[in-house]
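Peer 1:
Protein chains in written order, with this note's numbering: chain A, 1445 to 1944; chain B, 1492 to 1914.
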C-alpha cells in the first residue's frame, strides 16, 4: 500500500481509538502493538493472514455498540471474533481494520429449565452451555467438533452444525433470538423483542433466520437466546467396518431407506481411520477400508428396536466387524477418535486443507470416486472423514508446503468443492464461505442470486464496513479471471459426472 | 392448464389443478397468458416462472395468491391491481425419496404433497391447520401447527427456494442438500413476509420418514396452571411428545406421540401415568376428529375474528384469565387453543358485533404485549379494521424490515399495506 493510504488508515484508527478511550474508558482492552495484533491475523484457516490495525476486547456488552459506531464514524472496517476456530476465514481481519474480540463476554446469563431456554453472551463456548444446564437434564444440541473451544457467537455467524445435526438440525434451529449491534450502531433483538423472555415466533420478516449464518456480515451479536433439549433417555452407538467404501455408502442409504433417522452417521476412509487410531487409540480397525459410526438416541424402547435394525443392515451390507459401545466410556472413546480427525492429520502430513462440500446422500459414492480421481490427477493424498447421513464431506487435502505443493493443494481443494456443486450439492455444509470459498460462489449461484443476497446484506450494512470481503466474490478477492458464468467441471468434461 | 384465469379459479375446498381453467379470461392458442384490457383489477394464473415474472413486473400493486386461505392475514392490502395466482404452478418437480428431498413449485397444496410423499412412506412433518394451503403460501405466512414443538416449522424444513422479486429478478438460495450454509438464506427472509417481498415459485424441502403410528392421549378438566405444569413435566420427560395442545373453555390437554407402533404405545402409556384429570387415550377415529376440530377452530369461519399471539413458552394463567374476562365483558365467545411448549395462542372470537370483537382484540393485545408478546389478526369481523389495527406494537427490528422492504420493493408494489401501520 502506498504511504499516503497507510497514513490515512493510521489516522482513522487513531480517531477510532480516541473516541473509544473517551466513551468506554480504561476497561476496554486495546491491543495495538504489532506482536499482540499478530495473534489475531488469522483464524483456523491459517493459509490466509491479514494483520489487523487494532484489536479491541470489550469488557462488557455495553462497549460493543460504541466500537461499531466509532468504526462507522471513521470508515474503518471491523470483524467480530470468538475463539478463532472458523475454517473458512470468516474472522480474517480487513487490512488495517478492527478486530472486536468477544472472548471476555462469555457468561451464561440465564437458564430457564422449564421453558428450556438459555440466554448467553457470544463468547460463551458451545460446550459451556451444555455444561451449565446439564444439572437440569438438558443440553444444547449443535455439536461442532471444536465445541470445547468454539463460541456460540461464532456458531451463530456460521450456522454451525456438527455430527448430530442430521437429527437435531443446525444452529439456526436452536436460536430463538439474537441481540445484535447493527452496522448502523443501533442495538436490536432479532427474533422476538425481549431477549430475556424470548418467543418462538416474532411478527414480520425472519431476520433472525437471516442473521444466523450470515457469517458476521450483518452485525455483532451481544446476547443470544438458545433453545435447549432434554437429554435423550437412551443413546446407542456402533462402529461398523467395511471392506470397501461403496459398501459403507450403501449401508448409509439402506439405513435411511428403512425410515430411520439416526442421531449421527459418520464415515471415515482408511487414511483417516489410521490417523485417528494412531492419535487417539479409539479402538478403530486400522485395516478397514471404511468405517461408519452410527448413533441412535431417543426413548428407550424405540431406540432399542431401531438399533437392532441398523445392526442387521450393517451385517447385510458386508460389514466385517460390528463394535457396539458397551458403555458411556466406550462411546466417548469412539467419538474422541472421530472428533480428533482434523488434529490427527498432522501425523500424515505437515499441512492439509480441509474442505466442507455437500452432495445429495445418494451421490456419496460417486463423489468419493470423483475425489479419488482428482486426488490422483493432482498427485496429492486426500483423507476423507465426513457426516455421511447428510452428505457433508470433509476431504482433507494433504500436502507439503516446503515441497511447493501449496498451489496444487489449493487448486485440488477448490476442485473438490466445485465437484460437490456439480453433483447437485453445495460448497459448504457447515464451515461457511468466508474468504475461502467466496470465489467459488459463482459456481453455485447466478449473478441474480448473488445480487439478491447482496441487497439483503445492504439492508443491514449499507456502509459495507461489517466484515467486508466475505461470502461474496469480489474482484479484489478473486481477480477478474475467476468466477463469472457457469463453466463445466473438469470431471463433467470427461463425462464422469453429470449435473442435475 | 390455461394461463390467465379469474380469481375465482382458486377453490379453497378443491384441488387447484382440478379447478379453474375454463372460467379464465382466455389464452392465446399457443398457451401464452393473456390479460384483461388495462383498467380495473385483473387476475392471472401463470404456469411458468417467466410468465409469472412478466405478470408481477407490470405496473401497480400485486397480490400473490395460493389457495386463498390467508388473504385476510395481517392488514388489508391496498389497491391491488393484479392478483397473481400460483394455482397453475402446483407440480412436484423432482422427488428423491432416497435423498429425502422434494423439489416443488410454490403453488402445490400441502395435502396434495403429503399424499404423494406418503406413497413412499414419507411426509413433511408439518401440520398447519390449513392443509389445503399452498407450500409457498405457508412459507409466506410463517404458519405452523401443533407438531412444531418437535419438528420445527417450515423455516426448518425448507432447504432451498427460488423467488421472483418485484423487479423481475429470479433468484435462488440454498439447494438440494439438507445441510448447506453457502450464501444467505433467502427462504428464511420470506418466512412470514406475507407476500410483501417476493413470490416463492419453487421450494426444496427436507422430508422425513412417515411414523408408523400416531397416538393421542387426552386429559380433561385441566386448568391453566395445571396445563402449564403438565407441559413442563412432559417436555422434560424422556417420552418426547410431538404435540401438546391446551384448549379453553373445554380445559382439555391433548398430547400426541409419533413413532414406531410399540414405541408410541409405550410413550402414550407413560404419559397417562404423568397426567392428571380425567384421562382417555383416543382411538384412531377419535384422534382424527379431535385434531380436525382443533384445526377448524384455528381456521375459524367468515365473520369470526382470529387473533394469533406469540409469547414466550408456557400457557400463562394471567393471559388466559384476561381473555375470558374481556370476552365476558364484551359479550363474545372466545375459543382458545395454545401450544404451551412454543408459546403460541390462537383465539377465535365469535358472536356479538364488530365493536365487541375490536374491544377484545385491543384489550387482550395490551395484556399480551405487557408480557413481551405480540398479537396479529388473521381474520376479523367486517368493521373491526376501522376500530383496531391488525398489528400491535412494532418489534424493535422494524426499521431493518423497512430497509429490507425498500431494497427489494422500492416502489412498494407487493402487497402494499400488509404490514400497516409498520410499513
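For glycine and all other residues, C-beta sits at the position ideal for the given N, C-alpha and C.
One question on the structure: do residue 1862 of chain A and residue 1887 of chain A come within less than 8 Å of each other, judged by their Cβ atoms?
Peer 2: Yes, they are a contact pair.
Peer 1: Is there a C-beta anywhere in chain A that falls below 8 Å from the one on residue 1646 of chain B?
Peer 2: It does: the Cβ of residue 1646 of chain B has a partner Cβ on chain A nearer than 8 Å.
Peer 1: Distance check for residue 1601 of chain B and residue 1623 of chain B, CA to CA, integer angstroms please.
Peer 2: Going from the Cα of residue 1623 of chain B to the Cα of residue 1601 of chain B covers about 6 Å.
Peer 1: Is the beta carbon of residue 1755 of chain B sitting closer than 8 Å to the one on residue 1637 of chain B?
Peer 2: Taking 8 Å as the Cβ cut-off, residue 1755 of chain B and residue 1637 of chain B do not qualify as a contacting pair.
Peer 1: Would you kindly report the start and end of the unbroken alpha helix (DSSP H) that includes residue 1782 of chain B?
Peer 2: Where residue 1782 of chain B is concerned, the enclosing alpha helix (DSSP H) stretches over 1775-1790.
Peer 1: Which residues does DSSP list as the beta-bridge partners of residue 1829 of chain B?
Peer 2: B:1737, B:1836.
Peer 1: Can you have a look at residue 1823 of chain A and say buried or exposed, based on whether 16 or more other CB atoms are within 10 angstroms of its CB?
Peer 2: Result: exposed.
Peer 1: In the DSSP output, which residue or residues are listed as bridge partners for residue 1624 of chain A?
Peer 2: Beta-bridge pairing links residue 1624 of chain A to A:1632, A:1665.
Peer 1: What separation, rounded to the nearest whole angstrom, lies between the Cα atoms of residue 1726 of chain B and residue 1769 of chain B?
Peer 2: Rounded to whole angstroms, residue 1726 of chain B to residue 1769 of chain B spans 20 Å at the Cα level.
Peer 1: In the DSSP assignment, what are the bridge partners of residue 1865 of chain B?
Peer 2: Paired residues: B:1801.
Peer 1: Thinking C-beta only, is residue 1627 of chain B closer than 8 Å to residue 1597 of chain B?
Peer 2: Yes; because the gap between Cβ atoms is below 8 Å, this pair is in contact.
Peer 1: Can you list, in chain order, the residues of its chain with a C-beta nearer than 7 Å to that of residue 1620 of chain B? Leave out the 5 residues immediately preceding and following it.
Peer 2: Once the five neighbours on either side are set aside, the close Cβ partners of residue 1620 of chain B are 1636, 1786, 1789, 1790.
Peer 1: Would you mind giving the Cβ-Cβ distance between residue 1616 of chain B and residue 1719 of chain B, rounded to the nearest angstrom? I have them listed as a contact below 8 Å.
Peer 2: About 25 Å separates the two Cβ atoms, so there is no contact after all.
Peer 1: What is the C-beta distance between residue 1650 of chain A and residue 1848 of chain B, in whole angstroms, given that I count them as a contact (C-beta under 8 Å)?
Peer 2: Not really, about 29 Å apart at Cβ, beyond 8 Å.
Peer 1: So with Cβ pairs under 8 Å, would you call residue 1566 of chain A a contact of chain B?
Peer 2: False, the Cβ-Cβ gap to chain B never drops below 8 Å.
Peer 1: Hey, does residue 1603 of chain A have any beta-carbon neighbour from chain B nearer than 8 Å?
Peer 2: Interface residue, yes.
Peer 1: Taking the beta carbon of residue 1535 of chain B as the centre, do at least 16 other beta carbons fall within 10 Å, making it buried, or is it exposed?
Peer 2: The residue in question, residue 1535 of chain B, is buried, as its Cβ has 16 or more Cβ neighbours within 10 Å.
Peer 1: Name the chain A residues that come within less than 7 Å of residue 1854 of chain B, Cβ to Cβ?
Peer 2: Ordered by position in chain A, no residue passes the 7 Å Cβ test against residue 1854 of chain B, which lies about 19 Å from the chain.
Peer 1: Where does residue 1712 of chain A sit, in a helix, a strand or coil, going by DSSP?
Peer 2: Three-state DSSP puts residue 1712 of chain A in a strand.
Peer 1: Would a check of beta-carbon distances place residue 1836 of chain B closer than 8 Å to chain A?
Peer 2: Judged by the 8 Å Cβ criterion, residue 1836 of chain B is not in contact with chain A.
Peer 1: Report yes or no: is there a C-beta of chain A within less than 8 Å of the C-beta of residue 1731 of chain B?
Peer 2: Judged by the 8 Å Cβ criterion, residue 1731 of chain B is in contact with chain A.
Peer 1: Starting from residue 1591 of chain A, follow the alpha helix (DSSP H) in both directions and report where the run begins and ends.
Peer 2: Taken as a continuous stretch (DSSP letters only), residue 1591 of chain A belongs to no alpha helix (DSSP H), as it is neither H nor E.
Peer 1: Using the beta-carbon of each residue, which ones in chain A are nearer than 7 Å to residue 1919 of chain B?
Peer 2: With chain B covering 1492 to 1914 only, the question about residue 1919 of chain B has no answer from this structure.
Peer 1: Report the CB separation of residue 1868 of chain A from residue 1779 of chain B in whole angstroms; it is logged as a contact under 8 Å.
Peer 2: The pair is not a contact, with the Cβ atoms about 38 Å apart (cut-off 8 Å).
Peer 1: Exposed or buried, which one is residue 1907 of chain A when buried takes at least 16 other CB atoms within 10 Å?
Peer 2: Exposed is the call here.
Peer 1: Using 8 Å as the limit for Cβ to Cβ distance, is residue 1901 of chain B near chain D?
Peer 2: The structure shown contains no chain D; the protein chains it does contain are A and B.
Peer 1: With 7 Å as the C-beta to C-beta threshold (strictly closer), list the residues of the stretch 1714-1727 of chain B near chain A in chain order.
Peer 2: Taking 7 Å as the Cβ-Cβ cut-off against chain A, the residues of the stretch 1714-1727 of chain B that qualify are 1723, 1726, 1727.
Peer 1: In angstroms with no decimal places, state the Cα-to-Cα distance between residue 1900 of chain B and residue 1602 of chain A.
Peer 2: Their Cα atoms are separated by approximately 28 Å.
Peer 1: State the start and end residues of the unbroken alpha helix (DSSP H) segment that holds residue 1618 of chain A.
Peer 2: First-last of the alpha helix (DSSP H) with residue 1618 of chain A: 1615-1618.
Peer 1: Between residue 1860 of chain A and chain B, is any beta-carbon pair separated by less than 8 Å?
Peer 2: Output row for residue 1860 of chain A: interface = no.
Peer 1: Can you tell me the Cβ-Cβ gap for residue 1523 of chain A and residue 1535 of chain A, rounded? I've got them flagged as a contact below 8 Å.
Peer 2: Sure, about 6 Å apart at Cβ, within 8 Å.
Peer 1: Would you call residue 1761 of chain A buried or exposed, if buried means 16 or more other Cβ atoms sit within 10 Å of its Cβ?
Peer 2: Buried, because 16 or more other Cβ atoms sit within 10 Å of the Cβ of residue 1761 of chain A.
Peer 1: Check whether the Cβ of residue 1758 of chain B lies closer than 8 Å to any Cβ atom in chain A.
Peer 2: Residue 1758 of chain B counts as touching chain A.
Peer 1: Exposed or buried, which one is residue 1592 of chain A when buried takes at least 16 other CB atoms within 10 Å?
Peer 2: Answer is exposed; the Cβ neighbour count stays below 16.
Peer 1: Would you list, in chain order, the members of the stretch 1769-1798 of chain A that have their beta-carbon closer than 7 Å to a beta-carbon of chain B?
Peer 2: Under the 7 Å Cβ criterion, the stretch 1769-1798 of chain A contributes no residue.
Peer 1: State the DSSP-derived secondary structure class of residue 1475 of chain A, mapped to helix, strand or coil.
Peer 2: Strand, per DSSP.
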